[in-house]
Every structure is written in structure tokens, then in C-alpha cells.
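Asks:
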Amino acid sequence: MSEEPSMDIDYVTNLARIELTQEEKDKFQSQLGDVLKYFEKLQDLDVEGVEPTAHAFPRFNVWDEDVSKEGFSSEKALKNAPKSRNEQVVVPKVVE
Amino acid sequence: MSVKYETVMGLEVHVQLDTNSKMFTRVGTGFGKPPNTLTDPVVLGLPGALPVMNREAIEKSIKVGLLLGCKIAEVCKWDRKNYFYPDMPKNYQISQFDQPICEGGEVEIELPGETPTVMGEHRKVMLTRIHLEEDVGKLTHYERDSLVDYNRAGSPLLEIVSEPDLFTPDEVFAYLTSLRNSLVSAGISPCDMEKGQLRCDANVSIRPVGTTTLGTKVELKNLNTISGVKQGVEYEIRRQTKALENGEEIFQETRRWNPEEKRTTSMRSKEMAHDYRYFPDPDLMPVKIDPEWVKRIAKEIPEKPFDKQRRYMAEMNLPYTATAALCGDRPLCEYFEKTADLTKDSVKAANWVVNDLLRELSQAGKDSDNESEISVENCPLAPESLAELINLIEENVVSNNVAKELFPEMFATGKSAAELVNEKGLEMKSDGDEIESLCVKAIEDDPDAAEKYKGGKEGAINALKGSVMKATRGQANPQVVDETLRRLLSS
Amino acid sequence: MDSNSLISKTATELSGELESGNCKAVEIAQAYLEQIDRVDGKVHAFLHRDDDDFLAQAKDSDERREKGETLGPLDGIPVCLKDVISVEGQPLTAASKILQDYVSPYDATVTRKLKAAGAVIGGRLNLDEFAMGSSTENSAYGPTRNPWDLERVPGGSSGGSSAAVAAREAPLTLGSDTGGSIRQPASLCGVVGMKPTYGMVSRYGLAAFASSLDQIGPFSQTVEDTALLLETISGHDPLDSTSYPTEVPSYSEFLKQKHEPCTLGLPKEFFGEGMDDEVRTAVEKAIEFYKGKGYEIVDLSLPTTDLSIPVYYVIATAEASSNLARYDGIRYTSRSERAENAVDVYAKSRGEGFGEEVKRRCILGAYGLSSGYYDAYYLRAQKTRTLIRQDFERAFEKVDAILTPTSPTPAFKFGAKSEDPISMYLSDVYTISTNLAGLPGLSVPCGFTESGLPIGLQLIGKAFDEGTLLSIAHDFDRELQFGRQAPNLED
Ligand SMILES: [Mg+2]
Ligand SMILES: [Zn+2]
Chain A
1 MSEEPSMDID
11 YVTNLARIEL
21 TQEEKDKFQS
31 QLGDVLKYFE
41 KLQDLDVEGV
51 EPTAHAFPRF
61 NVWDEDVSKE
71 GFSSEKALKN
81 APKSRNEQVV
91 VPKVVE
Chain B
97 MSVKYETVMG
107 LEVHVQLDTN
117 SKMFTRVGTG
127 FGKPPNTLTD
137 PVVLGLPGAL
147 PVMNREAIEK
157 SIKVGLLLGC
167 KIAEVCKWDR
177 KNYFYPDMPK
187 NYQISQFDQP
197 ICEGGEVEIE
207 LPGETPTVMG
217 EHRKVMLTRI
227 HLEEDVGKLT
237 HYERDSLVDY
247 NRAGSPLLEI
257 VSEPDLFTPD
267 EVFAYLTSLR
277 NSLVSAGISP
287 CDMEKGQLRC
297 DANVSIRPVG
307 TTTLGTKVEL
317 KNLNTISGVK
327 QGVEYEIRRQ
337 TKALENGEEI
347 FQETRRWNPE
357 EKRTTSMRSK
367 EMAHDYRYFP
377 DPDLMPVKID
387 PEWVKRIAKE
397 IPEKPFDKQR
407 RYMAEMNLPY
417 TATAALCGDR
427 PLCEYFEKTA
437 DLTKDSVKAA
447 NWVVNDLLRE
457 LSQAGKDSDN
467 ESEISVENCP
477 LAPESLAELI
487 NLIEENVVSN
497 NVAKELFPEM
507 FATGKSAAEL
517 VNEKGLEMKS
527 DGDEIESLCV
537 KAIEDDPDAA
547 EKYKGGKEGA
557 INALKGSVMK
567 ATRGQANPQV
577 VDETLRRLLS
587 S
Chain C
588 MDSNSLISKT
598 ATELSGELES
608 GNCKAVEIAQ
618 AYLEQIDRVD
628 GKVHAFLHRD
638 DDDFLAQAKD
648 SDERREKGET
658 LGPLDGIPVC
668 LKDVISVEGQ
678 PLTAASKILQ
688 DYVSPYDATV
698 TRKLKAAGAV
708 IGGRLNLDEF
718 AMGSSTENSA
728 YGPTRNPWDL
738 ERVPGGSSGG
748 SSAAVAAREA
758 PLTLGSDTGG
768 SIRQPASLCG
778 VVGMKPTYGM
788 VSRYGLAAFA
798 SSLDQIGPFS
808 QTVEDTALLL
818 ETISGHDPLD
828 STSYPTEVPS
838 YSEFLKQKHE
848 PCTLGLPKEF
858 FGEGMDDEVR
868 TAVEKAIEFY
878 KGKGYEIVDL
888 SLPTTDLSIP
898 VYYVIATAEA
908 SSNLARYDGI
918 RYTSRSERAE
928 NAVDVYAKSR
938 GEGFGEEVKR
948 RCILGAYGLS
958 SGYYDAYYLR
968 AQKTRTLIRQ
978 DFERAFEKVD
988 AILTPTSPTP
998 AFKFGAKSED
1008 PISMYLSDVY
1018 TISTNLAGLP
1028 GLSVPCGFTE
1038 SGLPIGLQLI
1048 GKAFDEGTLL
1058 SIAHDFDREL
1068 QFGRQAPNLE
1078 D
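Residue numbers (the numbering used here), protein chains in the order written: chain A, 1 to 96; chain B, 97 to 587; chain C, 588 to 1078.
Here is the structure:
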């Protein structure tokens, strides 16, 4: 990447669903700009044809047989819920 | 001259796989359980919970791929699709992005024939890909808030994506019907749309006839029944056509089918384009699909419904209507084939299954609280019993009419035909003397008919036959009655 | 036995005392509770205590012993856990406000193993919020202080775990290490801390920071104790798909066997600029020690070292942005009172509930995965990670372990780096590549600065060969035992 790295902070905070104060936005904008500049190092290295590492020690087919086990009671499932009703989690109106 | 438009559609079908446990944890799956009881740390996305694949879900997906003629991946992997929604516990869905389990494939469809008794044209709808993912929970909306039940969350879900290769609402209907028949027959899923086991989104675009680029794509959601899908796309085609004719622009958007109002409405457009930030899920290892495994699964693939239909017509001489009623339903076909094996006449067996058995099953379903309990698989009447009944008719032990009357009782009691015939003394009467005296009486009682017959009116004999049959409560052997009457009248 | 002498003992010694009947588990538990009462007001290693539960577990252990029941290898020994490891019925805050009211409904696999080994599980230990940081300053509940100098940080993110052992508030603790979060605080607090090979210890029940890098590991005064705790928590776990199916030998037995001197490598990239002089001197002394023991010391190069920090921060923040999406104010985390609709719930709950560093990293991570940037950041980082791994593979063809300082500097003062993310990120420069390569690494105390701050020596071993790594560290630690020196916390 040739141009100075920058971040559309409003776009990304919305993606990450994190509300920031204006002060935080300004601060992060400049700090993360520095971090991205530091990350530029990554672009120098030739990684053509190199396989990405997703796992340090990859294996295949780590799975279970399809045998079902007992789950939580609804009480246990909802114990930490900020709000619940009728054995379900209450959320403010979801606008479709 | 006004421009003509044509429609191009693609379908994304989500099918819940019929497994005992969820896609990435071993808590059970199911419909209609008390809310939030099919949950555990993984389903709820608690801190520290980790996913572990369900081997059976992968096997079933491979089976679907084979059933639909897809290319099965040698290696597939898991990606996280990141977006926030209250029905999604982790706020990412484990799915497959660039290495799906199946690619390509096709679904054979049958378009409506000229009349319901005539077979329609067949063609193949191309598939893009099939990938495996996890289902989300269920939101119920109330006036002021919404409730979330996570029982469904994490169930294995197969997404079957078609190419933009569907051009009319009839084709959409045919596609879904055929796909569902195939999946149900192969035991992949019951595909009950009311239970959300099969869900469908449609991408609808229209373009001027003669152009080759696709028009602006509108995604339709909330198509919850097969007929809803058809009505939804019909409405959407009309809406878009009208808009274009009025010189309006079509926006790329997601619209919701409202089945009550029979129209589509724009869903609140997301403030930005989707940016799902897919990346490989570091909590899961990839799947390597051994060709030997695929071969093993291939052996279990049942005959496809349309292949079966062709075979029934070609080898058994079944009429199209009977095959159409049979072939979407694999247990019913098995029932029919067993019955046919035990009788001489496959066509008769098919008619009994398609007419009488289906009628009783549907009646029993209506009478019962739990409809799914009365399926052909737990039908009280075994194919052996039906075959016996058919054979009793063939052997002239009972008449067809008596058999028709006996059938509901056999269905209800599980008693065999022979048993009931014996019990009730319903064996067919072929005794010559007894039938002769009844025939003589019939001619005496209706000299008019006798005269007409003698005068050359062939059909008049039926009235005489009828009264003999009536007198014997249908038990007289119709052939003997016929012969006797003709003999008496010709003398 | 008086409580001061109990708390100065190692876990191995305490086991001996219990075995010979010199003390009871309850007395040990009480001694530690007294010490916590005495010093934790200054150190603030603990976020939560449940003294009744702690004493009850100790009493259970005593009863098992009295009844002659089979005892576990850690029976009666207190172990305290970093507050990201789930213990059923206990809070888990991850030092975040967003989890302030959360109580875990299930045990992590390591918790289950500790319980099975008879360990007495104590209070919850402080950390940088969600393990993001190198100083424990990023805790929503206030920082932990370095017991050797209360003006300085204990390192992080497992600062509570290292400080608790250093301050003799627990003989054994567990932390988690994503980029050095066990080794760096161990170094700064003068205790032994070890990150096992990725996959040795189950992550099930560990609130994830960066899934492909996180490992749970032990803290203790001695290498011998680390071996004891490591063998208890290691082993394949079917609930963690990234857990490796490998045999876990008894490391304690391993250490008792004679260990032949072997080859240690010094990567030149780790001995360049930026290293504190006193750190250099102490590490050089350690090298001399090994030479004196007959070890062969060779120079080597890990040319990708300077890329490890950007690679790490791209990968770790990307995974974190997705892993932390589940903390959303819906199912179990605190919900903002200002939230009026579902979208609000997310943005406001997360905005209020997360601290600054967590927000910064989630945003950075989301950016690195977002549309148009994935290839340049995440994918490129993963490819570079391959090169880093290969560097180590080449090095381990020549050496049995790699020797480096753990941290470029001793403990720094509060606030020294907290406003400059990059300088904070650089404090992990020696530890990060170990995580990227998945290798085991351990920090063992190797001396003190003139002002009395501990210095740590890092040893990096071959994958799944913790036995050799512990033996090499034990050769040093058995004789020098810097970790057995305790700070003076009297007024
Ligand atoms: Mg889709
Ligand atoms: Zn989908």
C-alpha cells in the first residue's frame, strides 16, 4: 500500500458495534494511524506462494459422533441474562 | 412499442439437517421443546465455550451433494461470518466462505403439464454451491420488545444456493418441490417449512428481453411456505415490472413477503453494505473428505424421485398420475413396492395405495392430535395385508365392492382381509344354483329391463346385475352373475 | 506449623508436609487467607474471594486424607486462577465491567482437572481486561502492583497471577499467554511462568482473546512446581478441537531423572538494541552458568523476528474483534441503560462496558478483516506467520532450546507506556514469536537489578517437548532458586 494508511473510524466502530465519544474517536484515530504505519513493515516481505498459517499444528477431522447430551435448564441458561421473560431473553424491539 | 421484460431468479434454500445433536456441540436438537432448554455453554456463546464438529452433519451434507450431483470438496474449512443480531449468540455465524463442502450440481424439476394428468416438461436447474453452517435462535416480536429462544441456535443448517437459473414462479415452485422431495426421500431432513426445517430466500431480478446482463437483484425474505414462495415472487415480478414500465429505478434491497397483505415491503435498509469480515475460524480444524468415505456414502443414496417415477412408468406401466402421487414420498413408494411384489398387478396395487391408503392416512391424520404420528411408516395396515386383499379380489374370493368396504376397517383394526371376510361371511358367492334363482327373480322383478336387453340394448343388463348384487350384499361373483343372466335371457 | 513458614513453601513442599501429617489443608488455606488479608490491599492481585468455599474445599481434602481415600497429586494445595478461566458458580469478569455480574455456569477443563487432582481452588486473579495488555493497568477494577516495587507494574496480562505467587498469596496460579502474558509478568515479578505448546492444555472454559494463540499455563516459585501443575492441567480434551492428542508424561518424574547437557541457541535478533543493561548482564550470567554445566551454546538467527509484532497484532486483534463480539448486553453481559433498540444495546453496552485498550483492539481487528483490507492485513499476517514458524523449525534442527531474555526491561512504572500503544506492544518483543510458532516457552527468574527488581530468562522449546524444556530450566533453577526469594511487603 503506497498511500498513508488511515482508518474510517466511524465505519469501523459501527462494524464493531462500539459507541465511542468524540474524544475517544480523535484519540483512536491518531493512535491507530500510528499502529497502521507500524504495520506497514508487513508489506515489505515477499509472501508470494506462502501458505497461510491458521493453526500452528493443523489436523483434520476433529469431530464427535452425533450423540446428544442433556442441556441446561432454561433457568440455568438465563441466570446471567440482564432481562428475561417467559423463559426467554428479552431484547429491546428488533427493527427489521 | 413497449419493452417486454423477463425474470431471472436464484434461490437460497436453508435446510436443517436431521441430526441428534447440534452442529458444534452435543446438546440435542428438536422442535417444540420448552424455550432455552436445548442450550449449553457453546449454544449460548458463553465465555470460554468452544465448538466441536458433528461428523454426522458432514456425512449428511456429502449425501446431499451426491444426491444433487455436486462436486464434493476434498478439503473444506470453517469461517466466521461476523454480524450482530440478537438471535445469534456469538455475533458470528460459523459457516463456510471460500471452501464450501459442495460445488456445482443440479436439481431436476418438472414444470406443470397441460393438465394435471399429463406429465410436464423436465429440466435441470443449476446449483452454485452448498455449504454447511449453524442455525440461529428464534425471535418472537411483541409490541414493545422481542423474546429470544436459543433452542434452534447451533443446529446444523445446509445452505443450497442455485444459480440465477429460474425464470418463472412455476419453476420456483417446481424447484422447491423437487428439492424437498429429494431431501426428504434421502432422510436428510423432514423439510417441514412450518417448523422452519426448510427456509427459502429468493433473489428476483428482471431485465428487458434480449439483454444478457442481470437486472438489479432484490432479495426476498420470509417466504415460509412453498406456495408463499410462489406468491411472493409473483408479486415481486409484478412490482418490479410495473416500476420499470413507469420509468422507476429498482433498488438493490431486501424485501419481506407479507403473506397476510399479499405484498412485499422493504425491510429497513441496513445503513451500510454488508461487511461480514469472514475469516477462518481458529477454533476449528478443517475437514478432509476421503474418497473412500464418499464412495461409502454414495452406496446409501436412494433412487431419485424422478428416476423412480420414470422406472414405474416404464417397467410397471403405472399411469403418470399414480407415479406423481407416489414418487415424492419414499416410504409410500416402499409400501407400494412391497405390495406390488406380493400381487400380480402393479397397477392395481398402485391404485389401492394412491387412492385408498392415502385417503385413510389423511383421514387418520385429521382425527389425531399429532399429525406426524400417522405416516405411512407407522401405518397400522401392513403392505402384506393390502396385498392379501388385492389377491382375494383377483382370486374372486371377494368382490371389488366388498374389498372397498373392508379396507377402512382393516386400516382401523389392523385385522387381515381374510380374517374379516371369514368373520363376516363375506366370501363371494359363486354357487350356481343360488345365483341362478336370484337371477330368475331379478328378471321377474324387472321385465322391462329384460325386454330392453333382448331388444338389443346391451346396457340394460346392468340393472339386473345390480339387483342381484344388491340381494347378495355384493357378495355374488359378478362374472357368474353375468354369465347366468345372459344365459337366461338368451333362452 | 506457623503460617509464615507455610506460605513460603513450594507446592511440592506443602504436599510433603500434608503427607507427613505436619499440617492440614485447612491450615494452609487459612495461612494464605491471612497473607491475602495482610498484603492484597497493597498488591491487589485478587478481584474476588470466596473464603467459605475455599476453606470448605480444604476441609474436604483433609477429610479425604483422614478417611484414607485416594488423593490427587495436588490434594489440599491452593491454586488460584486468572479471572478468565471458568469455575462453576464463581464470577468471571475478565477484569471487564461488561462481565461485572456474570457467574459461570460451568467449569473450564483445567478447572475440572484441578478439582480431580484435589486442588483447593481459590480467588479470582486480576489481569488486563480480556488479557489485553502487558501491565495489568487495563483492569476495570484497578491495577495490580508489583510486589517487589509497588510503584511498578507486575507485567501482564496475567499480572494478578504472577504477583500472587510473588507476594506469597498462593503457591500456584494459572494464567493465560497469548503473546507473553504468562512469561513477561513472571519475569517482572520474579517467579516461574510457563506457556505450554499450543494444544497441550485445553482452552475450553478460557474466555478467548486470540484463539489461535491463547494457552493456559502455570506460575510458581520453582520449575519443579511448574512441572507438577503443568502435568495436572495438560492433555487432550475432546471439547477443544485445537487440543492435541499427545501423551502427557509425568514432568515431575522427568525432572528427577538425570538430564544430559544439550545445545542452547542464542538468536542474535533478541540480543540487539533496546535491551536494558542489567537484563543483559543477568542473562549473560545465566549463559555462563549453562556453559559451566557443559551445555553447548550456539548463535543463531531468526530473521523474521522484527515482523512478529505486527503479525501478532494483526492476527490477535482480528481474532479478538470476533471473539469479543459475544459480549453484547443481550444474554449474560451488562446492558446499557441508555439502549432503546437492539442496535443500541450493542453499541452502547460495548461502549460503556469495554475499557479503552479493548475498544482499540476490537476496532483495529475489525478494520484488519474488513472489506478491502483482509488480504493486506490478516491474510498477509498469516502468511508471514508461516515464515516465522519455519524460522523456528530451522533453528530447532540445530538446538534443543532457545535462550533469550523474557522482557527487554525489568518492571516499568505505572503510566510509563499506557498512553503509547506501540511502546506497550514492544514490551512483548521477545515473547510474541513463541505464540505465533505455537512453541512452549518458559520464564525462570535469573537475578535482580541493583534496585531489587527481578529479571527473567526465557527458554523456548520444541513443540510438545515440555519435558526437555523443563529439564533445561530445572538445571538452572534447582541451583539458583531466585524464585524462592520473597519481596518485603511489610510497611
Ligand atoms: Mg446466504
Ligand atoms: Zn446461510
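Ideal Cβ positions, reconstructed from N, Cα and C, are used throughout, including at glycine.
1. Less than 6 Å separating the Cβ of GLU653/C from some heavy atom of ligand 2?
2. Run through DSSP, which three-state label would PRO1027/C get?
3. Between which two residues does the beta strand (DSSP E) harbouring TYR101/B extend?
4. Do THR360/B and TYR331/B have their beta-carbon atoms positioned less than 7 Å apart in this structure?
5. Can you tell me which residues form a DSSP beta bridge with ARG351/B?
6. Does DSSP classify TRP448/B as helix, strand or coil?
7. How about PRO143/B and ALA794/C: do their beta carbons lie closer than 7 Å?
8. Express the C-alpha separation of GLY250/B and LEU294/B in angstroms, rounding to a whole number.
9. For ILE917/C, return the contacting residues in chain B, with the cut-off set at a CB-CB distance below 7 Å.
10. Mind checking whether the beta-carbon of GLU255/B lies closer than 6 Å to any heavy atom of ligand 2?
11. Among all the DSSP beta bridges, which residues are the ones paired with VAL203/B?
12. On the premise that ARG739/C lies in contact with ALA998/C, defined as a C-beta separation below 8 Å, what is that separation, rounded to the nearest angstrom?
13. Can you tell me whether DSSP reads HIS635/C as helix, strand or coil?
14. Just the Cα atoms here: how many angstroms apart are ALA50/B and ASN447/B?
15. Take the Cβ of PRO1032/C as the centre, count every other Cβ of all protein chains shown within 10 Å, and call the residue buried at 16 or more, exposed below.
16. Does chain C have any CB closer than 7 Å to the CB of GLU277/B?
17. Using a Cβ-Cβ cutoff of 7 Å, what residues of the region 72–84 of chain A are near chain B? List them in chain order.
18. With a threshold of 7 Å on Cβ separation, who are the neighbours of MET1/A within its own chain once the five nearest residues in sequence on each side are excluded?
19. Pop quiz: LYS234/B and ASP245/B are said to be a contact at Cβ under 8 Å. What is the actual Cβ separation, rounded to whole angstroms?
20. Within 10 Å of its beta-carbon, does ASP639/C have 16 or more other beta-carbons around it, so buried, or fewer, so exposed?
21. How big is the Cα-Cα spacing for GLY343/B and LEU107/B?
22. Should the region 864–880 of chain C be regarded as contacting the region 941–954 of chain C, the criterion being three or more beta carbon pairs within less than 8 Å?
23. Taking only beta-carbon positions, decide if GLN29/A is within less than 7 Å of chain C.
24. Can you pull the chain B residues whose beta carbon is under 8 Å from the beta carbon of GLY720/C, in chain order?
25. Cutting at 8 Å between CB atoms, please list the residues of its own chain near SER590/C, excluding the five before and the five after it.
26. Would you mind reading off the limits of the beta strand (DSSP E) that contains VAL91/A?
27. Grab me the residues of PHE579/C's own chain with a C-beta within less than 7 Å of its C-beta, minus the 5 sequence neighbours each way, in chain order.
28. In angstroms with no decimal places, state the Cα-to-Cα distance between LEU414/B and ALA538/B.
29. Mapping the DSSP letters down to three states, classify VAL148/B as helix, strand or coil.
30. Whole angstroms are fine: how far does the CA of GLU939/C sit from the CA of LYS872/C?
31. Would you decide whether ARG455/B is buried or exposed? Buried here means 16 or more other CB atoms lie within 10 Å of its CB.
32. When the Cα atoms are used, what is the spatial distance from GLY959/C to PRO897/C?
33. How big is the Cα-Cα spacing for THR211/B and SER117/B?
34. Between ILE205/B, LEU254/B, GLY292/B, which lies nearest to GLY161/B when the distance is taken from Cα to Cα?
35. For the pair the region 198–213 of chain B and the region 264–282 of chain B, tell me if three or more CB-CB distances fall below 8 Å.
36. Might you give, ordered along the chain, the residues of its own chain that have their beta carbon closer than 8 Å to the beta carbon of LYS400/B, omitting 5 neighbours on each side?
Replies: If we stick to the structure as given:
1. no
2. coil
3. 101–112
4. yes
5. LEU316/B, SER362/B
6. helix
7. yes
8. 15 Å
9. PRO182
10. yes
11. VAL221/B
12. 4 Å
13. strand
14. Since the displayed chain B opens at 97 and closes at 587, residue 50/B lies outside it and no answer follows.
15. buried
16. This sequence places Asn at residue 277/B; Glu is not what is there. ASN277/B does not count as touching chain C.
17. PHE72, SER73, SER74, ALA77, LEU78
18. With a pLDDT of 43 at MET1/A, under the threshold of 50, the predicted position of this residue should be treated as unreliable, though the coordinate-derived value follows. Result list for MET1/A: GLN43, in chain order.
19. 5 Å
20. exposed
21. 27 Å
22. no
23. no
24. Per Cβ cutoff of 8 Å: no residues; GLY720/C is ~18 Å from chain B at best.
25. GLU614, GLN617, ALA618, GLU621, GLN622
26. 88–92
27. Outside the displayed span of chain C (588 to 1078) sits residue 579/C, for which this structure offers no information.
28. 39 Å
29. coil
30. 48 Å
31. exposed
32. 19 Å
33. 44 Å
34. LEU254/B
35. yes
36. LEU163, GLU204, SER278, SER281
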